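Protein chains: 2
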Amino acid sequence: MKIGELAKASGVPAHTIRFYESKGLMPKVTRGMNGYRVYNEESLERLGRITCAKRLGFTLEDMLTVLAESNPSEGLDHDKLIQQLDTRLDEVETMMKGLMQQREEIVQFKQHLLDTWSEGKCVRTNEMNQTPTSSS
Amino acid sequence: MKIGELAKASGVPAHTIRFYESKGLMPKVTRGMNGYRVYNEESLERLGRITCAKRLGFTLEDMLTVLAESNPSEGLDHDKLIQQLDTRLDEVETMMKGLMQQREEIVQFKQHLLDTWSEGKCVRTNEMNQTPTSSS
DNA sequence: ATTGACCTTAAAGTTAACTTTAAGCTTATA
DNA sequence: TATAAGCTTAAAGTTAACTTTAAGGTCAAT
Chain S
42 MKIGELAKAS GVPAHTIRFY ESKGLMPKVT RGMNGYRVYN EESLERLGRI TCAKRLGFTL
102 EDMLTVLAES NPSEGLDHDK LIQQLDTRLD EVETMMKGLM QQREEIVQFK QHLLDTWSEG
162 KCVRTNEMNQ TPTSSS
Chain W
42 MKIGELAKAS GVPAHTIRFY ESKGLMPKVT RGMNGYRVYN EESLERLGRI TCAKRLGFTL
102 EDMLTVLAES NPSEGLDHDK LIQQLDTRLD EVETMMKGLM QQREEIVQFK QHLLDTWSEG
162 KCVRTNEMNQ TPTSSS
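Those protein sequences? They're chains S and W, same order as listed.
Residue numbers for the first sequence follow my numbering, beginning at 42 and rising by one.
Residue numbers for the second sequence follow my numbering, beginning at 42 and rising by one.
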């Protein structure tokens, strides 16, 4: 399988596959006598694992830790993988909390603006200032 | 007020204030005969508005649109501001949905792993692959 | 034979919001 | 007086995950 075929099969652009190789995420594969990379089914699976990890929000750096050495004879490191999943879960929840807070602030602020304006007070440039809601 | 004083008063580092100026977010202020920037209360308020917009998740680019021309004689453009708030609200909610989806996938995937392993099936490198959950 | 699609590499560009560095004044302090 | 803190500028560095470019070799089809 040439890189273009792997690209089509996986949905990952050829240059991205080369990029993954340069980062150590994809193994360096053998070359044909023309110098072209030669891939196989295993390559496709590995790329699938990268795509999956990406969807879960892992960084390429993260993937190096747990995914990089998933050689066929050893399999994945179960404990490390679960640990990474939990860590990622925490990250996701922290981000969600941040967004909820932000949403709340925006809603409050918008309401404040509407209230202020409906009272006919045109407060000029000072509406958007330090503390839109009662937070922090 | 010198830049260092404004920095202390606002909590925004001096070099960041210069950076904001370079981006057109902070106005170019007058200089003392030593070449130092001279700030006043208005500068502090403007910086406060930037800080606030940042907390709401606006990009500096966003701020240029609505915040940049909030000159004292005109005040903020109310309609535009409300519109930006609504747009940002949409963004926040989209991101939250993405994160919720991601959280769900991680949880499902983790459960799948635990189930698989508890059954004594050591599936080697294939656990993390294309479709961890039934999504997409 | 030549056009076009596909492969190769290395290096630079992209985006955001800064931060860091370098090189050199000015001002305040001991 | 010397030294440290603070100000100036312009330019380069940071991070992530690619994308784009440049310059060139290979392969399939007409």
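Note that CB positions come from ideal geometry on N, CA and C, so glycine has one too.
Everything numeric in this text was worked out from a predicted model, so none of it was measured.
Looking at the DSSP output, residue 78(S) bridges to 72(S). For the C-beta of residue 151(W), the chain S residues within less than 7 Å are, from N- to C-terminus, 123 and 126. Under the Cβ distance rule, residue 72(W) does not count among the residues neighbouring chain S, no pair being separated by less than 8 Å. When rounded, the separation of the alpha-carbon atoms in residue 146(W) and residue 120(W) is 39 Å. The closest CA to that of residue 91(W), considering only 156(W), 72(W) and 51(W), is found on 51(W). Interface annotation for the stretch 93-110 of chain S against chain W: 93, 94, 96, 97, 98 and 108, criterion Cβ-Cβ distance under 8 Å. If you draw a straight line from the Cα of residue 95(W) to the Cα of residue 62(S), it is about 37 Å long. For the pair residue 107(S) and residue 88(S), the CB atoms are not nearer than the 8 Å cut-off. Scanning chain S for C-beta atoms nearer than 7 Å to the C-beta of residue 136(W) yields 140, reported in chain order. For residue 56(S), not one C-beta of chain W is nearer than 8 Å to its own C-beta. In the DSSP assignment, residue 137(S) falls within the unbroken alpha helix (DSSP H) covering 119-159.
Taking every protein chain shown into account, the CB of residue 98(W) has 16 or more other CB atoms within 10 angstroms, so this residue is buried. Comparing alpha carbon positions, the residue from 160(W), 118(W), 100(W) and 150(W) closest to residue 64(W) is 100(W). Here residue 149(W) is not near residue 133(S), since their CB atoms are 8 Å or more apart.
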